Structure formats: structure tokens, C-alpha cells
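Residue numbers (our numbering): 2 to 816.
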């Protein structure tokens, strides 16, 4: 045929085999009617010798369509043309002719621009398959190269339909051409071993070296539902697709199954413990039940019939007419959500396994009655695969939950998880073999420790100041109310209460002791509360004032917590931000070299790092001290960045807290042990305990000969005992000064001996802070400059808060 692609076969469409069969049938036919019929066909066909010799130009097929149609009447009966999907074709070519009426209707529905192509055609693979066809048909081999062939054809509604192709190749033959090579058994052995090397196959079967003479008949079977289910299984098994891609594919599959172009698919998870419906993890799927809500109680979401069918019986619930359904059940969330989404019909299908409801599949359409209890049964073949996928999704989510618990609630860091898994496997083997097993303590020897902290300066004083302000504010509010009550009702008890309050106010103004809060609590409970109850009951004018006062006190303690709340929230936000920041930076640090890391929040954030050969499994690259140096530099630069974050997040806070940072440099290796009873790592051995002592006491150390703490706001203190470490960190400081992380002021200090620790030294260097001005230009400040900038912001916030507090007090305390 003209314009053939590069192919081992030269194609000649020939009907010689069927013509030969007709001739034999004519000789043996006894019925005169059949003889007459066959004779007339052969006489008519004899006028078109090319049908027997072979058509080499596909364009000639159109000119010969009538004689071909007459010749093929027995194989393509007219009476079945409207139901059968058949046509004549050529192997591995998209040449289709003499198609049935049904076939032509399907192609017409696909549109004028549609090009019919087999699914997953590969030029190289088709070449090899054609060669295998020659080996099987001509040389008598029995190589199984069969594969399912499909056409994907959209219908008039745009829904993609899938058709499996069945080939009938009895009317074809193969013969060698002029350029054909003789194929030996040795050649076949080599060919099989090079099944994907098309160039090697072309050496044995050059292009157009063999002649194909005949035709094949293709019959199509609509397998849209079966193929959609297969696609569904594939989609559900895929883990690397994005949520949007997965949902688009999901909806296309259901559109094909239900033949509904505007079909939408949603999914809602079920939480059995809480008896609530929840959004799918990761928000991969919409929920037409929940809409914008994240979770809702089952009883609130469903009316009684839907609740019984879905939650209790695990049966389908179909709503063919949402409008009608909403008039009967307008108060439940399901009806309201579907109406708000413009849904006209819907099917809700429970996803359940072993009697446990996992979730709910939602099929919705924007046409009335197209989804109903009849076509709901189509889901019976589909739901088992969705159940499996949902189970897997829930299992993955549970694994994520465990991972979060491990990350947030235990000290087993991912970098050392390998040794715990190794011990766990040994534990399980011992348990299975002997019924006895113990999980031994895990030890890592010869590891280098790194310790750092960013601490809130004078946190105890700041907390006490907040408590003091709250107590004084509360006593002032009470005084205002009592004064107003005294003007209305002259009672000596009011004067006595004011006297008692004044005593406490004077005491609190001077100092706050550990018992101050308890003393005020006792005063309120024993002396103030009865008086306030009397005022509320006997003085209606002040009832609202007393009620406003009560709303501002904690219901459990009876104490106001405004300033303390500001302090606690500020500390929590700072700690949360600092912890998240160093956790994110840890991802980069692990790339330097795998190491153990832990951090914990106090009044600030502290972290421990251990690095060494014993901490890594065999897959890790060999440990070198260069990785230790790199990690120390990373730690110092990260502490500078955390100092910056500490102050940046306070710009909009009502109070200003200050930070002091410290790094402890330990110049020898030590051993750490994971103690099973305490579920945490500790240093191992008496000698190594010195490191823990230094950690606990170093931030309280003073500069030698002074009362000055080694840790100071706006500076990082690097504590060490070895001159080698001093030289190392001075190099890091110089480098970070060039990057404007650190300032020019560098102090070398000797520290006072603390209990059990002598000979410690420190380098103290100022941190540079980076803030953006209104033009978003970055400016660099020392701490003294930063205090002025942030002081203005904090001062503005405090003024605003004082005005709010003043208004608040006036609204409660003044008539």
C-alpha cells in the first residue's frame, strides 16, 4: 500500500481467500438457489480482478466499496448491521473499511475531528509484533504475543467509551519478498533475547521484506464499564498523582460508567469514635455533604431514613429528586447542602468493611432523576475496590498519626530509627521462638555533642509582673463597684472591705511573694464574694456591673488572667515559632550528615545534637570531623536566625520579651544510652555526666570577678574550655560577620567556677538583626538600635492596650 509506515510487511489487501472459498462452495453446493446466488456474486466480482490480486493503494478502497460490500455480505449480514460493531482492517494499521451501520454511528457521534487510533500504539513494538506474526504464521513457532487492543471513542455527550477489539485473521497469508532473510533457530534465540531492540529485529526482518496478502475482520465490544473499573483500580492504587489529577480521573471513570456528562464525585470520611462525618484527609476530594464544614455530627447531618440506611444498615441511599427531598427534610444538613450546591439527584453509598463504616461515597448530578435506586446497583462491582483504597488511606493516615506522635511526643528521632527497628525485629524473633523477649537499652558510643538554647530573659520576673498587674487590676475593679454600692446603700461593711483591699494593694505594689496569689484568692472567697453577691442582689443598678466583673474572672479560680494570658500566649507563640523554625532548618542539617536531634520547650527552646559514626547505619557515608565542623557552623548561623525570628514575631504583641542565646562546645566524645524505663536518651557513664552538669548550670554562670551573667540579651555566648575550640569559633564568627549575621563586638571571657565545673571560658558576640522598613528595604540593627525600633512598636501597642483596659474598667466600674 502507498504511504505505508516503516514496516516489515508490504500490505496487499486481497479477498482471494474468500473468493476461493466461494468457488469451492459453488462446486459442492446442491441447492440451486444458493448456486445461482454464488455464481452471480463470482461473475460480478470477476469484473474486479484487483480484489483477488491485491489492492496496494488504500485510496482505491473507496472506489471498490460496492463490490467489497457485495462480496462480504455473508460475513457482514445486513440484518445485523445495526447491532454488530464490525469492519475490515489491516494488522497494525488504522485502515478501516466496509464497517457496519453501528460502527459508522459510533464514529459519527465522536465528531468530524475525531481520529480513530488504537490505544497505546507503539511504532517499534508494532514492528516487532509483525515480525513475531511472521515467525508464527510462516515458520510455525508458537510465541504468545497477544495483548488486548482497544479503541477509545467519545460519544455524542463527550463521554469516553471503551471498545475491545477482536481480530479474525483467517483470511490472510504471509510470504517472503525479495529482501527477506532466511531465519534460523539460532536467529530466533537471539531475537527473543533482544525483544526490545527494534534495530536488531530490522536486521533480520528488513522493512517491506515480507508480503501480507489478505485482510482481517475486527469486531468491537463495548467494555466501558469493565475498562472503567480497571482504570478505577489503577487510579486507586496510584500514590504519585496529585489530589486534583486523581479526582479528575475518578470523575471521568464514573461518568463513563453512568453515562452522565455532568456527574460529580465526592467523599466524606466517618469517624466511628466521635460518630461524626469529616473531610477526607488531605482535602483530596470534595464533600457535598459537608461543603465548607470540616466535621459534623451524624445525627445533625442526616435525616432519620438516611441515617438508618447509611450508618446503621450500610445500604445505598438514593435521592432522585433533591428538590422534593428537601421539602420533606429541610432541616437536616444533607438536604441543605445538596440544594445549595445545585444538585438535583444523588446517590450516597456507604464504604464499609467487616461491619464498620469507613466513609461515604457521594455521586451527584445536576439533572433530576438521572441518579436513582435502579442505577445505584452499578456500584456493587465498584465499591470493593474503593473500600480497599479507603482502608489503605486510613492506614496511611494512622501511620502519619503515629509518626507525629513519635516526632512530637517521644524522643526516637528518625535518624536513629534504624537501630530501633533492628532491635524490634530481634525482639519479635525472640518472642516467636522462645516466648520470652526483652528490648535492651540502645547505646551509641563516641558521639560529639552540640547543645544550644535561646532563652527568655528574666522570664520569672515577667511572669510575676503579669500576675501582679492582674491582681491589682482585679482589686481596683472591686473597689470601684464597692464605692458605687456605698453611695446607694450606706453600710459600714463597704468601708471595711475597701480598707482590706487597700492593705492588699499596698502589699502587692511593694512585692509579689509566692503566697500573694493564694492570699488574694482567700480574700476574694471569704470576704469579697459574699459582698459582691449582696450588691448584685440588693442593688439592681449595679447588677450589670457585677455581672460584667464576673465574666472577666476565671470561672475555676475566680482570678483575672488578662496580663498573664498575654504573657503565656506570647511565650507559647515564641516557643512554637522557634521550635518550628529549628525543626525546618533540621531538614537541611540532616543533609550535612545524619545525626540525632532533639529539642524541647521551656521558657525558650533548647536543643541537643549528637553526631558520630555509631549513630549511622551502614548505608550512610563514612563520618569525618569535617561534618562536625559544618554542623557547628550550621548551629551558630541558625541561632542567629532564631534570634531574628524571636524579635520579628513580637512586632504585633502587646508586650516585649527579650532573648539570650547560648551554645556549649564540648571537645570530647561521649556515649549516650536510650533508657527503656525513661523512654529517652541520656549520657552514659559517670565521666560523661559532667557534660549534663555543665548544661544545667552554665546559663547561671557569671563572668569571672563580676556579678554579670554570661548570657546577655542581644548576644550569643559560646562556652568552651579548649583553645582549639576558641580558634575554631573565631573563624566561624569572622565568616558570619561578613554575612552580617554577627556584629563587630566580640568579647573573650573567663567564667566563675560553678559547682563541679572549672576552667570554662566564653566568647560573647553581638547579633545583628534584619528588619524591613515600610518600603520593604532590609535594614540591619544591633540590639541597642533594635530596642528603639521595637520599643516604639511595643509602646504603641501598650498605649492601645492601656486605652482598651481603661475603657474596659470604666465600662465595669463607673456608673
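The C-beta atom is built at its ideal place from N, Cα and C for all residues, glycine as well. In this text, all values refer to a predicted model and were calculated from it rather than measured experimentally.
| Query | Result |
| --- | --- |
| Residue from 133, 210, 150, 421 with nearest C-alpha to residue 197 | 133 |
| Cβ contact (3+ pairs, closer than 8 Å) linking the stretch 626 to 635 and the stretch 592 to 601 | yes |
| The beta strand (DSSP E) enclosing residue 165, as first and last residue numbers | 161 to 169 |
| Endpoints, the beta strand (DSSP E) within which residue 771 is located | 770 to 773 |
| Residue 49 beta carbon less than 8 Å from that of residue 78 | no |
| Residue 476 vs residue 506 beta-carbon contact at 8 Å | yes |
| First through last residue of the beta strand (DSSP E) which encompasses residue 365 | 357 to 366 |
| Cα-Cα separation between residue 439 and residue 422, rounded to whole angstroms | 14 Å |
| Residue interval of the beta strand (DSSP E) (run including residue 346) | 346 to 354 |
| Three-way DSSP call (helix, strand, coil) for residue 35 in this model | helix |
| Residue 368 vs residue 272 beta-carbon contact at 8 Å | no |
| Helix, strand or coil at residue 538 according to DSSP, with G and I counted as helix | helix |
| Residue from 34, 255, 459, 74 with nearest C-alpha to residue 362 | 255 |
| Neighbourhood of residue 810 by C-beta distance below 8 Å, restricted to the same chain and skipping five residues each side | Confidence at residue 810 is low in this model, with a pLDDT of 42, below 50, so its placement is unreliable and no value can be given for it. |
| Residue from 564, 547, 612 whose Cα sits closest to the Cα of residue 463 | 564 |
| Segment contact, 8 Å Cβ cut-off, at least three pairs: the stretch 734 to 742 with the stretch 692 to 711 | no |
| Span separating the alpha-carbon of residue 268 from that of residue 466 | 52 Å |
| Backbone CA spacing between residue 573 and residue 751 [nearest angstrom] | 34 Å |
| Beta-ladder partner(s) of residue 257, from DSSP | Beta-bridge pairing links residue 257 to no other residue. |
| Residues sharing a beta bridge with residue 14, DSSP | 56, 215 |
| Three or more C-beta pairs below 8 Å linking the stretch 197 to 212 and the stretch 149 to 156 | no |
| Option nearest residue 583 by Cα separation, candidates 728, 454, 329, 560 | 454 |
| Residue 217 versus 769, 484, 16, residue with shortest Cα-Cα distance | 16 |
| Segments of 3+ residues assigned as beta strand (DSSP E) that fall wholly inside the stretch 262 to 323 | 265 to 272, 277 to 279, 296 to 298, 318 to 320 |
| Supposed contact pair residue 258 and residue 229 - C-beta distance, whole angstroms, cut 8 Å | 5 Å |
| Supposed close pair residue 162, residue 222 - CB separation, criterion 8 Å | Not quite, the Cβ-Cβ distance comes to about 11 Å (not below 8 Å), so this is no contact. |
| Residue of 707, 637, 570 minimising C-alpha distance to residue 653 | 570 |
| Exposure label - residue 437; buried when at least 16 CB within 10 Å | exposed |
| Alpha helix (DSSP H) segments (min. 4 residues) lying fully within the stretch 672 to 755 | 690 to 698, 724 to 739 |
| Residues bridged to residue 765 (per DSSP) | 718, 748 |
| For residue 603 and residue 534, the rounded distance between their alpha carbons | 41 Å |
| Buried/exposed call for residue 101, threshold 16 Cβ in 10 Å | buried |
| C-beta atoms of residue 213 and residue 168 nearer than 8 Å | no |
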